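Residue numbers (the numbering used here): 5 to 108.
Where is the CB? At the ideal position from N, CA and C, for every residue including glycine.
Predicted model, so just to flag it, every value in this text is computed and none were measured.
Input: a single structure, listed below in C-alpha cells.
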C-alpha cells in the first residue's frame, strides 16, 4: 500500500518535447536554472533566477527533469507564477533546513 502511494507522488507531470512558460526560482549547484511544474523540479541550462522563459522539456526521470530555453515567455507572467506560486515558499524552507544541517 505504501509503495502505491509513493509511486503516485513520483509521477512526472511533464513529457519530453512539451513546452511551458515558467519562472526560474533558483540556481542549481552547476549553474542551471531551477523551475517547478506542479511540484516537479526541472533544471534549465542557461536560465537565470527571476527570468520568465518558455522551456522545452528534453529529459524526464522519476523525480527530476531537464529542459532547454525555447525562447522568451509568450504567455502572461501570471501563468508562469500560477504554476509555481503554490510551491515557491517551499524552496526557501528547504534551503533553510539545508543550511541548518550544515551548522551541526
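{"Query": "In angstroms with no decimal places, state the Cα-to-Cα distance between residue 41 and residue 17.", "Result": "7 Å"}
{"Query": "Which partner residues of residue 39 appear in the DSSP bridge assignment?", "Result": "46"}
{"Query": "To the nearest angstrom, how far is the alpha carbon of residue 68 from that of residue 61?", "Result": "11 Å"}
{"Query": "Which of the three DSSP states is assigned to residue 58 in this structure?", "Result": "strand"}
{"Query": "What do you reckon, are the CB atoms on residue 52 and residue 75 nearer than 8 Å?", "Result": "no"}
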